[in-house]
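Residue numbers (my numbering), protein chains in the order written: chain L, 12 to 156; chain C, 12 to 156; chain V, 433 to 515; chain W, 433 to 515. For each residue, glycine too, the CB sits at the ideal point set by N, CA and C. The structure displayed is predicted, hence computed values, not measured ones. Notes follow the structure.
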Amino acid sequence: MIRVAVQADDFDLAAEAAALERTGAGAVVTFTGIVRDVAGGLRWMEIEHYPAMTRSALEGIAAQAAERWSLTGATVIHRYGSLAPGARIMMVATASAHRRAAFEAADFLMDYLKSRAPFWKKEVREDGADWVAAKDDDEAALGRW
Amino acid sequence: MIRVAVQADDFDLAAEAAALERTGAGAVVTFTGIVRDVAGGLRWMEIEHYPAMTRSALEGIAAQAAERWSLTGATVIHRYGSLAPGARIMMVATASAHRRAAFEAADFLMDYLKSRAPFWKKEVREDGADWVAAKDDDEAALGRW
Amino acid sequence: MTLDVLYFAWLRERIGLGREVVETEAATVADLVAELRAREGRYDLAFADMGAVRVAVDQELTELTAPLAGVREVAFFPPMTGG
Amino acid sequence: MTLDVLYFAWLRERIGLGREVVETEAATVADLVAELRAREGRYDLAFADMGAVRVAVDQELTELTAPLAGVREVAFFPPMTGG
Numbered sequence: 012m013i014r015v016a017v018q019a020d021d022f023d024l025a026a027e028a029a030a031l032e033r034t035g036a037g038a039v040v041t042f043t044g045i046v047r048d049v050a051g052g053l054r055w056m057e058i059e060h061y062p063a064m065t066r067s068a069l070e071g072i073a074a075q076a077a078e079r080w081s082l083t084g085a086t087v088i089h090r091y092g093s094l095a096p097g098a099r100i101m102m103v104a105t106a107s108a109h110r111r112a113a114f115e116a117a118d119f120l121m122d123y124l125k126s127r128a129p130f131w132k133k134e135v136r137e138d139g140a141d142w143v144a145a146k147d148d149d150e151a152a153l154g155r156w
Numbered sequence: 012m013i014r015v016a017v018q019a020d021d022f023d024l025a026a027e028a029a030a031l032e033r034t035g036a037g038a039v040v041t042f043t044g045i046v047r048d049v050a051g052g053l054r055w056m057e058i059e060h061y062p063a064m065t066r067s068a069l070e071g072i073a074a075q076a077a078e079r080w081s082l083t084g085a086t087v088i089h090r091y092g093s094l095a096p097g098a099r100i101m102m103v104a105t106a107s108a109h110r111r112a113a114f115e116a117a118d119f120l121m122d123y124l125k126s127r128a129p130f131w132k133k134e135v136r137e138d139g140a141d142w143v144a145a146k147d148d149d150e151a152a153l154g155r156w
Numbered sequence: 433m434t435l436d437v438l439y440f441a442w443l444r445e446r447i448g449l450g451r452e453v454v455e456t457e458a459a460t461v462a463d464l465v466a467e468l469r470a471r472e473g474r475y476d477l478a479f480a481d482m483g484a485v486r487v488a489v490d491q492e493l494t495e496l497t498a499p500l501a502g503v504r505e506v507a508f509f510p511p512m513t514g515g
Numbered sequence: 433m434t435l436d437v438l439y440f441a442w443l444r445e446r447i448g449l450g451r452e453v454v455e456t457e458a459a460t461v462a463d464l465v466a467e468l469r470a471r472e473g474r475y476d477l478a479f480a481d482m483g484a485v486r487v488a489v490d491q492e493l494t495e496l497t498a499p500l501a502g503v504r505e506v507a508f509f510p511p512m513t514g515g
């Protein structure tokens, strides 16, 4: 059971997790990403994406996870638009009979989302705005898989 | 922010996750364990624990995680009593500025909970009842940390 | 010395009780186990394979060699299966 | 050949538009970039450091050497920062 969504609205973590619990899983792992005001003065994070490509990229990443690990389900939801500090940006959730598969698949999904899903973040601060630079670490993380 | 609970009642994953989101985290990871009817015919899982020791064992495990990783919060909740197939058994949740710390700390908490927290599971089936044997894999998993 | 001795899971079931008060002069956990085994068949059976038994002294996991001086509570149980 | 060409994030901002229709006979993405750079300063600037530019052809990530025959949509953007 793979579910992918790209949306402006917030998502319901509990409902998403509960849906995966009902897949016959013994283990459900969720990851939630939250807008963090690292340097202070962040007004909001602007998240741009490539609508014609985003869904298929997320589906491709989720399908890869489902191929590599024995999952009973995987969910990927990513928001776009203007998100205030503390707002949820995205979530992934994985379900499996075994905890190791659920953890690894969620970790894998996050690494791929960071560097292979067509989203770009801009920090809008009180004193200006900057596109968030991709981290070498994030690109390097793909080498783990 | 460390929170530990040992209870018969179900827990509220969304409320637990939301509390951790408010700790200034950029990443929240949750793990939920669910009663699974592996062989068929499971009526319920009976979970016994050692009340005088359980809380302090869980607190000790959570404190270890907080020492090893830079966390803004960690939550461990474990249920006891009779749990039907599909019921939630336990959860851990971790919050951190960074996704790697949140994932690793949750993974660590689960490995330690499996083998170092005083819980014992008995499968009550239609045709009898058996204590769940500890897995060598679970003991070996501690060597990862 | 008076000890609270606790049994969990199949140890509790084999011995037939979850908690008892034991008067003993045993110096270590292993000595206590030997005393209990000498008492009755059900203890002897429960402790037959000590590789399958774990012990906590005053709510801390420890080894069979742990001393009992000053201890109030000893618990015996199979390897834990939480999570 | 008529292509939809899309720009995202700072590429969009530097070029000043998010999408345009381009008439071209470019054989590869690299050839298309060279044509665009020759057009106007804002394109030249946006594509000055191709190490910082990623490309998708018909919504699939690819390389600058990718051929354009039969292609309908080319998108340029900085390294992605999802999650």
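So, is the C-beta of residue i closer than 8 Å to a C-beta in chain V?
i                : result
TRP174 (chain C) : Residue numbering for chain C in the displayed model covers 12 to 156; residue 174 (chain C) lies beyond these limits and cannot be assessed.
Cβ of residue i less than 8 Å from any chain L Cβ?
i                : result
GLY502 (chain W) : no
THR43 (chain C)  : yes
ALA488 (chain W) : yes
PRO511 (chain W) : yes
PHE7 (chain C)   : It is not possible to answer for residue 7 (chain C), since the shown part of chain C is limited to 12 through 156.
VAL39 (chain C)  : yes
At a Cβ threshold of 8 Å, is residue i touching chain W?
i               : result
ALA16 (chain L) : no
Residue i versus chain L: which residues are under 8 Å apart at the beta carbon?
i                : result
ALA441 (chain W) : GLU59, TRP131, LYS133 and TRP142
GLU32 (chain C)  : THR43, ILE45, GLY97 and ARG99
Count the other CB atoms within 10 Å of the CB of residue i; is the residue buried (16 or more) or exposed (fewer)?
i                : result
SER168 (chain C) : A query on residue 168 (chain C) cannot be resolved here, the shown segment of chain C reaching from 12 to 156 and no further.
ARG486 (chain W) : buried
ARG444 (chain V) : buried
LYS146 (chain L) : exposed
GLU27 (chain C)  : buried
ARG79 (chain C)  : exposed
ARG127 (chain L) : buried
LEU477 (chain V) : exposed
ARG99 (chain C)  : buried
ASP20 (chain C)  : exposed
Kindly list, in the order they appear in chain C, the residues whose Cβ is closer than 7 Å to that of residue i.
i               : result
ALA36 (chain L) : ILE45
Against chain C, does residue i count as a neighbour if the rule is that its beta carbon must be under 8 Å from one of theirs?
i                : result
ASP118 (chain L) : yes
ALA28 (chain L)  : yes
GLY514 (chain V) : yes
ALA25 (chain L)  : yes
Chain L partners of residue i, CB-CB under 9 Å?
i                : result
ALA507 (chain W) : TYR61, ALA63, MET64 and PRO129
Quick one: measure Cβ to Cβ for residue i and residue j, integer angstroms, because I've assumed they're closer than 8 Å.
i                : j                : result
VAL135 (chain C) : ARG47 (chain C)  : In fact, because the Cβ distance is near 14 Å, the residues do not count as touching under 8 Å.
PHE42 (chain L)  : VAL40 (chain C)  : 5 Å
GLU505 (chain W) : LEU435 (chain W) : 7 Å
ALA507 (chain V) : ALA488 (chain V) : 5 Å
THR105 (chain L) : GLY35 (chain L)  : With 8 Å as the limit, THR105 (chain L) and GLY35 (chain L) do not qualify as a contact, their Cβ atoms being about 14 Å apart.
Give me the chain L residues within the contact set of residue i, using Cβ-Cβ distance strictly less than 7 Å, ordered along the chain.
i                : result
MET121 (chain C) : ARG110
Which chain V residues sit within Cβ distance under 9 Å of residue i?
i               : result
SER93 (chain C) : Within 9 Å Cβ-Cβ: nothing; SER93 (chain C) doesn't reach chain V, min ~15 Å.
Quick one: which chain W residues come within Cβ less than 7 Å of residue i?
i                : result
LEU153 (chain L) : Here the premise fails: no neighbours, minimum Cβ distance about 12 Å.
LEU124 (chain L) : GLY514 and GLY515
What does residue i reach in chain W if we use C-beta pairs closer than 8 Å?
i                : result
ALA145 (chain L) : PRO510, PRO511, MET512 and THR513
SER11 (chain L)  : Since the displayed chain L opens at 12 and closes at 156, residue 11 (chain L) lies outside it and no answer follows.
At a Cβ threshold of 8 Å, is residue i touching chain B?
i                : result
PHE509 (chain V) : Absence of chain B from the displayed structure is noted, the protein chains being L, C, V and W.
Determine, using beta-carbon pairs with one atom in the segment 149 to 156 of chain L and one in the segment 106 to 123 of chain L, whether at least three such pairs fall under 8 Å.
yes
Sufficient close CB pairs (3 or more, under 8 Å) joining the segment 59 to 75 of chain L to the segment 89 to 97 of chain L
yes
Using a Cβ distance threshold of 8 Å, determine whether the segment 103 to 122 of chain L contacts the segment 108 to 115 of chain C, with at least three qualifying pairs required.
yes
When you compare the segment 136 to 143 of chain C with the segment 63 to 70 of chain C, are there three or more beta-carbon pairs, one atom per stretch, that lie closer than 8 Å?
no
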